[in-house]
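Protein sequences appear in the order of chains A and B. Quick note, in the numbering used here, the first sequence goes up one by one and the last residue is 295. Quick note, in the numbering used here, the second sequence goes up one by one and the last residue is 295. We put the beta carbon where it would ideally sit given N, CA and C, even for glycine. Data first, discussion second: the structure below is written as structure tokens.
Number of protein chains: 2
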Amino acid sequence: MSKTQSNSQTYKALDELRGRIMNGKLHGGDRLREVQLSDDLGISRTPLREALLQLEQEGLLVRGRGGYTVRTFTLADVFDAIELRGVLEGTAARMAAERLGEPSMLNDIKQTLSDLDAVLESGQANSYDILNTKFHMQLAQLCGSFIVEEEVERANRFPFAAPSAFPTQIERTDRFLASLVVGQQQHRDIIEAIENGEGSRAEYLAREHARLARRNVEIAYADKQRDAQNVPQLALVEG
Amino acid sequence: MSKTQSNSQTYKALDELRGRIMNGKLHGGDRLREVQLSDDLGISRTPLREALLQLEQEGLLVRGRGGYTVRTFTLADVFDAIELRGVLEGTAARMAAERLGEPSMLNDIKQTLSDLDAVLESGQANSYDILNTKFHMQLAQLCGSFIVEEEVERANRFPFAAPSAFPTQIERTDRFLASLVVGQQQHRDIIEAIENGEGSRAEYLAREHARLARRNVEIAYADKQRDAQNVPQLALVEG
DNA sequence: CAATGCTGTTTTGTATACATTATGAGCAAA
DNA sequence: TTTGCTCATAATGTATACAAAACAGCATTG
Numbered sequence: 057m058s059k060t061q062s063n064s065q066t067y068k069a070l071d072e073l074r075g076r077i078m079n080g081k082l083h084g085g086d087r088l089r090e091v092q093l094s095d096d097l098g099i100s101r102t103p104l105r106e107a108l109l110q111l112e113q114e115g116l117l118v119r120g121r122g123g124y125t126v127r128t129f130t131l132a133d134v135f136d137a138i139e140l141r142g143v144l145e146g147t148a149a150r151m152a153a154e155r156l157g158e159p160s161m162l163n164d165i166k167q168t169l170s171d172l173d174a175v176l177e178s179g180q181a182n183s184y185d186i187l188n189t190k191f192h193m194q195l196a197q198l199c200g201s202f203i204v205e206e207e208v209e210r211a212n213r214f215p216f217a218a219p220s221a222f223p224t225q226i227e228r229t230d231r232f233l234a235s236l237v238v239g240q241q242q243h244r245d246i247i248e249a250i251e252n253g254e255g256s257r258a259e260y261l262a263r264e265h266a267r268l269a270r271r272n273v274e275i276a277y278a279d280k281q282r283d284a285q286n287v288p289q290l291a292l293v294e295g
Numbered sequence: 057m058s059k060t061q062s063n064s065q066t067y068k069a070l071d072e073l074r075g076r077i078m079n080g081k082l083h084g085g086d087r088l089r090e091v092q093l094s095d096d097l098g099i100s101r102t103p104l105r106e107a108l109l110q111l112e113q114e115g116l117l118v119r120g121r122g123g124y125t126v127r128t129f130t131l132a133d134v135f136d137a138i139e140l141r142g143v144l145e146g147t148a149a150r151m152a153a154e155r156l157g158e159p160s161m162l163n164d165i166k167q168t169l170s171d172l173d174a175v176l177e178s179g180q181a182n183s184y185d186i187l188n189t190k191f192h193m194q195l196a197q198l199c200g201s202f203i204v205e206e207e208v209e210r211a212n213r214f215p216f217a218a219p220s221a222f223p224t225q226i227e228r229t230d231r232f233l234a235s236l237v238v239g240q241q242q243h244r245d246i247i248e249a250i251e252n253g254e255g256s257r258a259e260y261l262a263r264e265h266a267r268l269a270r271r272n273v274e275i276a277y278a279d280k281q282r283d284a285q286n287v288p289q290l291a292l293v294e295g
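So this is what it looks like as structure tokens:
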């Protein structure tokens, strides 16, 4: 996160390409030609290549026979990525429960919980997403292992798998808003389990919590045509 | 795996640097200067930078304030990495159990099990490591999800976390050889669980199996001085 | 007619020169 | 003595020229 700002050109290329892929401007299987992209973006090949390498690591591109192509995702891939995030966040939660030192270490994340409550009552959906992301980051940090924390964050960067990947853009149906309430209860339960040192409970609650995201994807995918404008990321998913 | 061969210079740099770090020629905290390294390795800066970027992704280097430094690992980091691998392999095993189509899909990995048996009886330790690695790769492939498989392989690339990271180099004590027998039984149990569709059992067996690797690290670390020549990777671990 | 090899073209891989930013030493002033 | 500024130096970030390799199309040959 810190390096991103320093690399001006590389970051610009990274951001722009990621955007194009996620928005569906670049389709799965499209080949990326360096010189052409370089001209297009107004960025020379060296930082562009750095960005391409990064996007390969993020899983958005595949490198075959020398050239990069945009990766294609199936709906199953999306579900798997979400499940993977659940597993990793579950591990973070379990480790947090097993290793937690002073209860005061939970103060910050409890504050986020309260903020989420306030936002849910007032119905400000945008703030919810920001706070939700914050909660998940704080949870990852609680595990006490930088190795695990890194991997959780990595899983969160994966397309569609992020805790707030879809909510901002999905139409705010009552059904969806209700799922936020459920999710917030799960947040509370996870923290309670950690506080009580209930590692296994914390792990499975976090896994179950990730399935909420899966459900959101299912809803969005079912209404793919209608949500096409709201959720352009869906263009990435084939079929 | 496929791209590695194509990049001649980049791969050379990657391999050499990885080796230097793992062997302790480069110590934790050492700064890597591009021009100096470029001269040293006889490789120009562009492919070198690509290698550095890759090593950052692998977790061996950290990028701060523009420059790369060799990452320092604590013993706790090593344990966490191993636990993480256990979690991910456990997930692969569980998914394999839950999703397995035809039982014949287990034929290949069962063959590996038999090969491992034969090697254990004959006492050829080198072949054991190769087959052990093969087993773990096949297990990852069984999960039916490329996303998960990729992440398992990623966790295996992490220093010390690979299934056969240490065994080849550790002195072959009776105690250690006994652990191989235990490990092989765990292999069999995992496959049995998958075959029976016992997802949860498969998951936890795989987790427990990873703890064998942890024990090997503990042994090696306790005898750090004696094993220093045999296990140069230990130089990477501070303290 | 099929297969194979040649050649022009395009694309990525590599090297290096240039630009920009960080760093640290030295000195001056408080 | 310490602190802050300035400037020299050296590092990384960027651009581009060149090399090598892959690819496609065509012609030639069996």
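Spanning the alpha carbons of Ala174 of chain B and Val134 of chain B requires a straight line of approximately 31 Å. Against Leu109 of chain A, the close residues of chain B are Glu106, Leu109, Gln110, in the order they occur along the chain (beta-carbon pairs closer than 8 Å). Within its own chain, the residues whose Cβ lies closer than 8 Å to the Cβ of Leu172 of chain A, once the five positions on either side in sequence are excluded, are Tyr184, Leu187, Asn188, Phe191, Gln240, His243, listed in chain order. Along the stretch 87-129 of chain B, the beta strand (DSSP E) occurs as fully enclosed runs of 3 or more residues at 117-120, 123-126, listed in sequence order. Interface annotation, Asp136 of chain A: in contact with chain B, CB-CB separation under 7 Å.
Each residue's CA atom was taken as its position, placing Leu131 of chain B and Arg76 of chain B some 20 Å apart. Its chain contains Leu88, Leu108, Leu117 as the residues whose beta carbon lies nearer than 6 Å to that of Tyr124 of chain A, once the 5 sequence neighbours on both sides are disregarded; these appear in chain order.
Looking from the CA of Phe129 of chain B, the closest CA among B:Asp230, B:Leu82, B:Arg271 belongs to B:Leu82.
With three or more CB-CB distances shorter than 8 Å, the stretch 206-213 of chain A counts as touching the stretch 136-153 of chain A. Going by C-alpha positions, Thr102 of chain A is about 16 Å away from Gln65 of chain B. In this structure, Arg213 of chain B lies near Glu114 of chain B, with their beta-carbon atoms less than 7 Å apart. The alpha helix (DSSP H) runs lying completely inside the stretch 166-223 of chain B and spanning 4 residues or more are 181-198, 202-213, given in chain order. Contact with chain B is absent for Ile99 of chain A, since none of that chain's Cβ atoms lies less than 7 Å from the residue's Cβ. It is roughly 42 Å from the alpha-carbon of Leu268 of chain A to the alpha-carbon of Ser170 of chain B. Close to chain A, meaning a Cβ-Cβ distance shorter than 7 Å, are the following residues of the stretch 121-152 of chain B: Gly122, Asp133, Asp136, Ala137, Leu140, Val143, Thr147. By the rule that beta-carbons nearer than 7 Å mark a contact, Gln65 of chain A does not touch chain B. Close to chain A, meaning a Cβ-Cβ distance shorter than 8 Å, are the following residues of the stretch 182-209 of chain B: Ser201, Phe202, Ile203, Val204, Glu206, Glu207.
For Met151 of chain A, the enclosing alpha helix (DSSP H) covers residues 131-155. Residue range 230-251 is occupied by the alpha helix (DSSP H) that includes Gln240 of chain B. With fewer than 16 other Cβ atoms inside 10 Å of its own Cβ, Val237 of chain A counts as exposed.
Rounded to the nearest whole angstrom, the CA to CA distance from Asn79 of chain A to Gly157 of chain A is 43 Å.
Annotation: the continuous alpha helix (DSSP H) that includes Gly255 of chain A extends over 255-278. Residue-level contact by beta carbon fails for Gln180 of chain B and chain A, as no gap is shorter than 7 Å. Of the residues assessed, Ala153 of chain A falls on the buried side of the cut-off, its CB having 16 or more other CB atoms within 10 angstroms. Spatial neighbours of Ala291 of chain A in its own chain (CB-CB distance under 8 Å, excluding positions within 5 residues in sequence) are listed in chain order as Asn79, Gly80, His83, Ala284. When the five nearest sequence neighbours on each side are left out, the beta carbons in the same chain lying within less than 7 Å of the beta carbon of Asp245 of chain B are those of Leu261, in order along the chain. For Gln65 of chain A, the enclosing alpha helix (DSSP H) stretches over residues 64-79.
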